[in-house]
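Novice: Positions 45 to 440 (the working numbering) are the ones given, in order, by the sequence shown. Glycine included, each C-beta is placed from N, C-alpha and C at the ideal position. This structure is a prediction, so every number in the text was calculated from the model and none was measured. Have a look at the structure that comes next, please.
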Amino acid sequence: MEKAESAKPDKLLAYLTPRTAWALALGTTIGWGSFVVTGTTYLLRAGPVGSVVGLVIGALVMLLIARNYHYMMVCYPNAGGVYTYAKNQLGHDYGFLSAWFLSLTYIAIFWANATSLPLFAKYFLGDVFRFGHLYKIFGYDVYLGEALLTAGAIALTGLLCSRSKRGAARIVFGMVIVFTAAISVCFARAAFLHANSGFSFAPAFIPDASAFNSVCFVAVVSPWAFIGFENISHSIEGFNFPHRKSFKILTAAVLTATALYIFVILLSISAYPPEYDSWLSYIKDLDNLRGIKALPPFYAAQHYMGSAGTVLLMAALLALIVTSLVGNMVALSRLLYAVAKDDMIPSRYAHLNKARIPSNAVRLVTTISILIPFVGRTAIGWIVDVTTIGATIIYG
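Structure, rendered in structure tokens:
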């Protein structure tokens with residue numbers, strides 16, 4: 045029955061296995077911001093204990109949301125996810141509103157990760173791509189070299205996602221294994237050696253701040269850290285396994301992401317430069333630091349493992365960016381495909397190519413996104429901040 049349906053020209057072809065679906069969910073959840081920003085932001089507001097407890101609470105809430113997504117996917121096993129559910133249950137207006145919020149959320153995170161490549165290059169390669177200064181916009185210097193690097197990554201992502209869905213899924217799975225293993229190894233090494241390192245995890249909470257309020261802050265903003273775990277709901281037509289397994293896959297993605305977040309947070313405070321008397325004074329001074337010192341997880345990995353630790357986390361960070369780019373492109377294209385099938389946007393975006401991929405939708409996202417590097421990261425940051433609210437609305 046499923047094979048007969050997949051042969052129709054207006055249906056996506058089944059290609060996702062349970063493990064590639066898990067990788068797609070996890071790979072879209074964790075990106076540059078999750079790895080570099082989340083740990084330090086949580087630490088400054090809640091300390092290590094407050095951050096861990098808040099994340100665990102947030103993860104439990106996300107599991108409830110995952111259960112709801114599972115119900116939705118079983119009831120409406122069509123591309124579009126929340127859009128399809130809202131359209132059928134509440135009407136086309138609510139469906140369109142859901143699609144709009146989701147699209148803004150996914151594309152903002154896609155842009156944020158694409159434009160993080162110049163930051164990656166800046167931290168680890170110096171000024172290699174900082175040539176051809178064009179202008180300053182909203183306080184951000186735009187360089188031709190960095191813009192071309194970002195545009196090239198976006199174009200390659202679009203090319204991959206429009207040509208081979210199985211190839212994209214395999215790449216995401218491989219990259220997820222890379223960053224999961226790399227982060228876990230660095231954390232395990234630091235945990236093993238920390239007892240004799242002379243470094244302290246104190247303070248457990250931020251001094252003079254309410255521990256309860258600190259935990260609540262992390263728990264409330266946690267949906268932002270999990271944006272993307274539900275993206276496989278847009279690709280449910282591509283499942284080659286029973287839909288009832290979706291809850292286990294979503295649960296595995298949420299739990300893995302939570303563990304990796306906790307590893308990064310604790311790794312970040314497991315070592316700090318000798319000129320600082322605590323992890324807190326170190327984290328507070330990050331804006332004045334450059335290179336490896338400006339990235340606490342990298343500094344700790346280098347401290348405990350030498351250059352091998354730095355290389356491992358570099359591979360992890362690059363893998364995170366790749367999975368986020370591919371995952372969000374897949375989610376966006378399938379969402380646009382579903383919306384176009386209902387004629388809410390031009391029907392050409394529902395067109396499937398010979399590989400049964402909504403290639404016109406992929407091209408639309410790619411074309412719009414290639415212009416983004418010339419806007420600068422400041423403006424993108426504003427949009428990403430808004431997506432925190434958007435995610436809360438959608439998950440609600």
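1) What are the partner residues of PHE283, as DSSP defines its beta bridges?
2) Taking only three categories from DSSP, how would you classify VAL220?
3) Report yes if the C-beta distance between SER266 and ALA90 is below 8 Å; otherwise report no.
4) I need the DSSP call for ILE336, collapsed to helix, strand or coil.
5) Taking 6 Å as the limit between beta carbons, can you name the residues of its chain near THR300, skipping five residues before and five after?
6) What are the partner residues of HIS177, as DSSP defines its beta bridges?
7) What three-state label does DSSP hand MET116 in the structure shown?
8) Which runs of the alpha helix (DSSP H) spanning at least 4 residues fall entirely within the region 221 to 288, listed in chain order?
9) Taking DSSP as the reference, what is the three-state secondary structure of HIS347?
10) Does DSSP put ASN122 in a helix, in a strand, or in coil?
11) When you compare each of VAL118, LEU161, PRO92, SER206 to ALA375 by their alpha carbons, which one comes out closest?
12) Would TYR320 be called buried (16 or more neighbouring beta carbons within 10 Å of its own) or exposed?
13) What residues in its chain sit with their C-beta under 6 Å from that of LEU364, if we drop five residues either side in the sequence?
14) Using 10 angstroms around the beta-carbon of GLY77, count the other beta-carbons present and answer buried if the total reaches 16, otherwise exposed.
15) Can you tell which of ALA296, ASP386, SER413 has the C-alpha that lies nearest to the C-alpha of ALA110?
16) State the DSSP-derived secondary structure class of PHE182, mapped to helix, strand or coil.
17) In the structure shown, what three-state DSSP assignment does LYS166 receive?
18) Quick check: the Cα distance between ALA58 and ASN284, rounded to an integer number of angstroms?
19) My understanding is that ALA21 touches ILE276, with C-beta atoms under 8 Å, so please give their C-beta distance in whole angstroms.
20) For PHE256, I'd like the list of residues in its chain whose CB is within less than 6 Å of its CB, leaving aside the five on either flank, ordered along the chain.
21) Suppose you measure from the CA of MET45 to the CA of LEU204; what does that come to, to the nearest Å?
22) On the DSSP letters alone, give me the boundaries of the alpha helix (DSSP H) that TYR141 sits inside.
23) Are the Cβ atoms of LEU330 and THR84 separated by less than 8 Å?
24) Are the Cβ atoms of VAL100 and THR302 separated by less than 8 Å?
25) With DSSP run on the structure shown, which of helix, strand or coil describes ALA51?
26) Can you say whether ILE424 is buried or exposed, counting buried as having 16 or more other CB atoms within 10 angstroms of its CB?
27) Might you give, ordered along the chain, the residues of its own chain that have their beta carbon closer than 7 Å to the beta carbon of PHE243, omitting 5 neighbours on each side?
28) Using the beta-carbon count (16 or more within 10 Å), is PHE231 buried or exposed?
29) Out of ARG378, TYR305, TRP268, which one is the CA nearest neighbour of SER505?
30) Just verifying my parser: in three-state terms, what is the DSSP assignment at GLY420?
31) Out of SER368, TYR343, TYR348, which one is the CA nearest neighbour of SER241?
32) Count the other CB atoms within 10 Å of the CB of SER160; is the residue buried (16 or more) or exposed (fewer)?
33) Note down the Cα distance separating ARG392 from SER368, rounded to an integer number of angstroms.
Specialist: Looking at the coordinates:
1) LEU60
2) helix
3) no
4) helix
5) LEU70
6) TYR187
7) helix
8) 255 to 269
9) helix
10) coil
11) SER206
12) exposed
13) ILE74, GLY75, PHE79, PHE223
14) buried
15) ALA296
16) coil
17) helix
18) 5 Å
19) Residue 21 falls outside the range modelled here, since the chain spans only 45 to 440, and no answer is possible.
20) none
21) The predicted model places MET45 with a pLDDT of 40, which falls under 50 and marks its position as unreliable; any figure quoted below should be read in that light. Their Cα atoms are separated by approximately 29 Å.
22) For the record, residue 141 in the displayed sequence is Leu; it is not Tyr. LEU141 -> alpha helix (DSSP H) spans 136 to 158.
23) yes
24) yes
25) Only weak support exists for where ALA51 lies, its pLDDT of 43 falling under 50; the value from the coordinates is given anyway. Correct three-state label for ALA51: coil.
26) buried
27) SER314, ALA315, TYR316
28) buried
29) The question about residue 505 has no answer, for the chain in this structure spans 45 to 440.
30) coil
31) TYR348
32) buried
33) 26 Å
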